[in-house]
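K.L.:
There are 2 protein chains.
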Amino acid sequence: MFSKACEYGIRAATYIAMQSIDGRRVSLNEISGEIDSPTAFTAKILQQLSRNGIIDATKGANGGYGMSSTDIKKTTLSQIVFAIDGDNIYAGCGLGLKECNAEKPCPVHDKFVFIRDNLRQMLENTSLHEMTLGLATGLTYLKR
Amino acid sequence: MFSKACEYGIRAATYIAMQSIDGRRVSLNEISGEIDSPTAFTAKILQQLSRNGIIDATKGANGGYGMSSTDIKKTTLSQIVFAIDGDNIYAGCGLGLKECNAEKPCPVHDKFVFIRDNLRQMLENTSLHEMTLGLATGLTYLKR
DNA sequence: CTTTATTCGGATGTTTTTATCCGATTTACT
DNA sequence: AGTAAATCGGATAAAAACATCCGAATAAAG
Ligand code: FES
Ligand code: FES
Numbered sequence: 001m002f003s004k005a006c007e008y009g010i011r012a013a014t015y016i017a018m019q020s021i022d023g024r025r026v027s028l029n030e031i032s033g034e035i036d037s038p039t040a041f042t043a044k045i046l047q048q049l050s051r052n053g054i055i056d057a058t059k060g061a062n063g064g065y066g067m068s069s070t071d072i073k074k075t076t077l078s079q080i081v082f083a084i085d086g087d088n089i090y091a092g093c094g095l096g097l098k099e100c101n102a103e104k105p106c107p108v109h110d111k112f113v114f115i116r117d118n119l120r121q122m123l124e125n126t127s128l129h130e131m132t133l134g135l136a137t138g139l140t141y142l143k144r
Numbered sequence: 001m002f003s004k005a006c007e008y009g010i011r012a013a014t015y016i017a018m019q020s021i022d023g024r025r026v027s028l029n030e031i032s033g034e035i036d037s038p039t040a041f042t043a044k045i046l047q048q049l050s051r052n053g054i055i056d057a058t059k060g061a062n063g064g065y066g067m068s069s070t071d072i073k074k075t076t077l078s079q080i081v082f083a084i085d086g087d088n089i090y091a092g093c094g095l096g097l098k099e100c101n102a103e104k105p106c107p108v109h110d111k112f113v114f115i116r117d118n119l120r121q122m123l124e125n126t127s128l129h130e131m132t133l134g135l136a137t138g139l140t141y142l143k144r
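Quick mapping for you: the protein sequence lines, in order, are chains A and B.
The UniProt record's numbering puts the last residue of the first sequence at 144; the count rises by one with no breaks.
The UniProt record's numbering puts the last residue of the second sequence at 144; the count rises by one with no breaks.
1. Between which two residues does the alpha helix (DSSP H) harbouring A17(A) extend?
2. Do V108(A) and M131(B) have their CB atoms nearer than 9 Å?
3. Please list, in chain order, all residues with a C-beta atom less than 7 Å from at least one heavy atom of ligand 2.
4. If the cut is a Cβ gap below 9 Å, which residues of chain A does R144(B) touch?
5. Quick check: what's the CA-CA separation for G138(A) versus E34(A)?
6. Which chain A residues sit within Cβ distance under 8 Å of H109(B)?
7. Looking at S50(B) and Y65(B), is the spacing between their C-beta atoms short of 9 Å?
8. I'd like to confirm the pairing. Which residues does DSSP put opposite Y65(A) in its beta bridges?
9. State whether the segment 56-74 of chain B contacts the segment 5-22 of chain B, with contact taken as three or more CB pairs (one from each stretch) at a distance under 8 Å.
10. Given a cut-off of 9 Å, decide if I89(B) and G9(B) are closer than it, judged by their beta-carbon atoms.
11. Along the chain, where does the alpha helix (DSSP H) that runs through R51(A) open and close?
12. Are the Cβ atoms of K111(B) and M122(A) separated by less than 9 Å?
13. Strictly below 7 Å CB to CB, what residues from chain B border residue 167(A)?
14. Any C-beta of chain A within less than 8 Å: which residues of the segment 58-86 of chain B qualify?
15. I'd like the list of long-range same chain contacts for L28(B), defined as Cβ closer than 6 Å, with 5 residues on each side in sequence excluded.
16. Can you tell me which of the three DSSP states T76(A) falls into?
17. Under 9 Å Cβ-Cβ, which residues of chain B neighbour T126(A)?
18. I think T75(A) touches I54(A), with their Cβ atoms under 8 Å apart; what is that distance to the nearest whole Å?
19. Counting only the same chain and skipping the five closest in sequence on each side, list residues whose C-beta sits under 7 Å from that of N52(A).
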């Protein structure tokens, strides 16, 4: 569904958001440990998120990653997915035709667009803030 | 969403089904030409479908690929996807946790399972016969 | 000013996916 | 028997995804 990079990106952003709510800035090592992701690879993904303005990265001692509380509420999963995987999930044809086009649809177009739109709406309507709610209460997890 | 192999597999199976309805057996070259897929790679995928009993492959002159009319009606997209991509679409966690588990869910579990189940039902309820209906009338396409 | 903690950026390496090549095998037809 | 048409199966190649390494840059603290 999503690339590994995107999965790590969502998990990392969610962890950063959760800690930022408590006023804590987090380091790469803490993040990759807490979400169980390969450290160096996670660094690359965090760079992408930083360049896209989704997280704030600060170099140096007492640096690390963080998010403003307004960004935590405003940022949605769709923005993260788009920053890492691009728009092929939202726009691509389910059978791999060069473009998804209702004028010249593939045999699953109607059914596929329905599911794709469900997914898109879900991603657009889920904020990082919402993602963190279950974590604090131990109802949801970022690793296993 | 699906691998390239799976996309080609669905397109190929749909084309074979459409031609089999007209009593025509088709060759690898015709298939890859009509669905616009790399020929040799398509051959590998057709082997997988053949080994899984989804299509019938016959060697030699006047050989080629075909399907029985009962198979065309019985075979669903979910069988093709499962034969090529396995069950990770149906069972995997949306955020890449080692397994999707409602006891220890990730933050998107509920929303993701809803979409995943929609997709699964769609694939299980769509037969190859249904896939061919629009093709004959020029309403749908297998390449662009 | 030096040390320490941190991200950044480019190069590199590994694994998986995608794709090709070619000889072997099978079948039908002459 | 010989030839042509077709898939099969294994080896190989190319591209993309996944992942690591390491020196450079930056910032705080002693
Ligand atoms: S054309 Fe295939 S999903 Fe729209
Ligand atoms: S645990 Fe992540 S989707 Fe079920």
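Idealized CB from N, CA, C, for every residue including glycine.
P.N.:
Considering the structure as presented:
1. Here residue 17(A) refers to the residue found at position 17 when the first sequence is read from its first residue. Run containing A17(A): 4-21, per the alpha helix (DSSP H) assignment.
2. Numbered from 1 along the first sequence, position 108 holds the residue referred to as residue 108(A). Numbered from 1 along the second sequence, position 131 holds the residue referred to as residue 131(B). Cβ distance < 9 Å, so V108(A) and M131(B) count as in contact.
3. Cβ-based neighbours of ligand 2 within the cut-off: C93(B), G94(B), L95(B), L97(B), C100(B), N101(B), A102(B), P105(B), C106(B), V108(B), H109(B), F112(B), V113(B).
4. Residue numbering aside, residue 144(B) sits at position 144 when the second sequence is read from its first letter. Within 9 Å Cβ-Cβ: C93, L97, K98, E99, N101, K104, C106.
5. Locating residue 138(A) in the first sequence gives position 138, where the first residue counts as 1. Locating residue 34(A) in the first sequence gives position 34, where the first residue counts as 1. If you take the alpha carbons of G138(A) and E34(A), they lie about 14 Å apart.
6. Walking along the second sequence from the start, residue 109(B) turns up at place 109. Those within 8 Å of H109(B) in chain A are T140.
7. Position 65 of the second sequence, counting from 1, holds the residue named residue 65(B). Position 50 of the second sequence, counting from 1, holds the residue named residue 50(B). For Y65(B) and S50(B), yes; Cβs fall inside 9 Å.
8. Working through the first sequence from its first residue, we reach residue 65(A) at position 65. DSSP lists V26(A), A57(A) as partners of Y65(A).
9. yes
10. Along the second sequence, one-based indexing puts residue 9(B) at 9. Along the second sequence, one-based indexing puts residue 89(B) at 89. Cβ distance not < 9 Å, so G9(B) and I89(B) don't count as in contact.
11. As a working mapping, residue 51(A) is identified with position 51 in the first sequence. Its alpha helix (DSSP H) spans residues 39-51.
12. The count along the second sequence starts at 1 and reaches residue 111(B) at position 111. The count along the first sequence starts at 1 and reaches residue 122(A) at position 122. Contact flag set, yes.
13. Summary: the structure shown does not reach residue 167(A), with chain A confined to residues 1 through 144, and so no result is reported for it.
14. L77
15. For this step, residue 28(B) is matched to residue 28 along the second sequence. The answer, listed in chain order, is A43.
16. Residue 76(A) sits at position 76 when you count from the first residue of the first sequence. The answer is strand: DSSP assigns T76(A) an E or B state.
17. Residue numbering aside, residue 126(A) sits at position 126 when the first sequence is read from its first letter. Per Cβ cutoff of 9 Å: P107, V108, K111.
18. Residue 75(A) sits at position 75 when you count from the first residue of the first sequence. Residue 54(A) sits at position 54 when you count from the first residue of the first sequence. About 6 Å; that satisfies the 8 Å criterion.
19. Numbered from its first residue, the first sequence carries residue 52(A) at position 52. Counting only Cβ-Cβ distances below 7 Å, and skipping sequence neighbours, we find A83.
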